[in-house]
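**Student:** The following block contains the structure, expressed as structure tokens.
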Amino acid sequence: MDLKLRGKKALVTGSSRGIGRAIALSLAEFKVDVAINYLRQRSRAEETAAEIEARGAGALVVKGNVAKPEQVEEMFGHIRDAWGGLDILISNAASGVLRPATELTLHHFHWTMDINAAALLPLVQEFVKLPSAGEKTVVAVSSLGAIRAIRNYAAVGASKAALESMVRHLAAELAPQGVRINAVSAGTVDTDALTHFPNREEMLQASLERTPAGRLVSTQDVANTVVFLCTEFASMVHGQTIVVDGGYSILA
Ligand SMILES: NC(=O)c1ccc[n+]([C@@H]2O[C@H](COP(=O)([O-])OP(=O)(O)OC[C@H]3O[C@@H](n4cnc5c(N)ncnc54)[C@H](OP(=O)(O)O)[C@@H]3O)[C@@H](O)[C@H]2O)c1
0 MDLKLRGKKA LVTGSSRGIG RAIALSLAEF KVDVAINYLR QRSRAEETAA
50 EIEARGAGAL VVKGNVAKPE QVEEMFGHIR DAWGGLDILI SNAASGVLRP
100 ATELTLHHFH WTMDINAAAL LPLVQEFVKL PSAGEKTVVA VSSLGAIRAI
150 RNYAAVGASK AALESMVRHL AAELAPQGVR INAVSAGTVD TDALTHFPNR
200 EEMLQASLER TPAGRLVSTQ DVANTVVFLC TEFASMVHGQ TIVVDGGYSI
250 LA
């Protein structure tokens, strides 16, 4: 299948593992060169890079905390030096404090907002400065916690709601400049992130039982929709949040 992505350059934040890694590998399947961003686990980022190269695409490993604008700027500096431009930005890296809202401090709240929501601003601001071959696309990875109440998820849910709102505002502002911005909101996906939930097993079981499609969402399911949004087949999709949850959220 030719998605006309060959030769494009992408940055996927938080792509050393989990959903970001699946997005990076899927883009590489279509011969997109990928910059793999990570924060702590360089060896995992290098493993992803090797798998990208095995698919016949170029890989660049760039360390940086997306919540620190100076590190974001430095990351884009490396990309500019290596590639001269960038066509695709996937804002996927996320973290956050998982506690009942009554136990959250403002420090927890701001820390979570900085990584999951505010980071989109410097990322997009640096992205639009770089040249690209044609249209530029941005996809932010969100979660159902943006629109639903999930136990221990108040800070992350609020950050994802802010992220989805920023996607709409940035999309309206930047569409005239040829920048297309959307979000993909995923249901529960069994990645390392879930090990931080005290009720991981219960969450997975509850998600499975409630999902009309009869199975949990995989990292590949999320990556497939992200890749679609990066193609010209989605050229009139602007500022949307596409839900990938096997129907979980349509039930009353
Ligand atoms: N898993 C789910 O059920 C689920 C559901 C809906 C949406 N999502 C969303 O999907 C995205 C990926 O989640 P995941 O489950 O794949 O997470 P994950 O397995 O915990 O992986 C997180 C990735 O982000 C990187 N990272 C964390 N903080 C960072 C920072 N401050 N700066 C740069 N990189 C950072 C990590 O790098 P290091 O390895 O170096 O730490 C890692 O590559 C997130 O936006 C998440 O909210 C997940």
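For the sequence shown, counting from 1, position 54 maps to 53 in numbering that gives the first Met the number 0; every step adds exactly one.
Ideal Cβ placement from N, Cα and C applies to all residues, glycine included.
(1) For residue 18, is the beta carbon positioned less than 7 Å from some heavy atom of ligand 1?
(2) Can we count residue 38 as close to ligand 1, meaning its CB is less than 7 Å from some heavy atom?
(3) Report the option in 249, 240, 224 whose CA atom is closest to the CA atom of residue 306.
(4) So, is residue 197 buried or exposed, given that buried needs 16 or more other C-beta atoms within 10 angstroms?
(5) So what's residue 103 in DSSP terms, helix, strand or just coil?
(6) In chain order, what residues of the same chain have a beta carbon less than 6 Å from the beta carbon of residue 44, not counting five sequence neighbours either side?
(7) Exposed or buried, what is residue 264 when buried is set at 16 or more other beta-carbons lying within 10 Å of its beta-carbon?
(8) Go to residue 181, then tell me how far its beta strand (DSSP E) extends in each direction, as first and last residue.
(9) Would you check if the distance between the CB atom of residue 210 and the CB atom of residue 17 is smaller than 8 Å?
(10) Taking only three categories from DSSP, how would you classify residue 203?
(11) On the CB-based measure, 16 or more other CB atoms within 10 Å of its CB, does residue 144 come out buried or exposed?
(12) Could you give the first and the last residue of the continuous alpha helix (DSSP H) run that contains residue 223?
**Tutor:** Quick look at the numbers:
(1) yes
(2) yes
(3) In this structure the chain extends from 0 to 251, so residue 306 is not present and cannot be described.
(4) exposed
(5) In the structure shown, residue 103 sits in coil (DSSP, three-state: anything other than H, G, I, E or B).
(6) The answer, listed in chain order, is 15, 35, 37, 60.
(7) As shown, the chain starts at 0 and ends at 251. That puts residue 264 outside it, with no answer to give.
(8) 178-185
(9) no
(10) helix
(11) So residue 144 ends up on the buried side.
(12) 218-229
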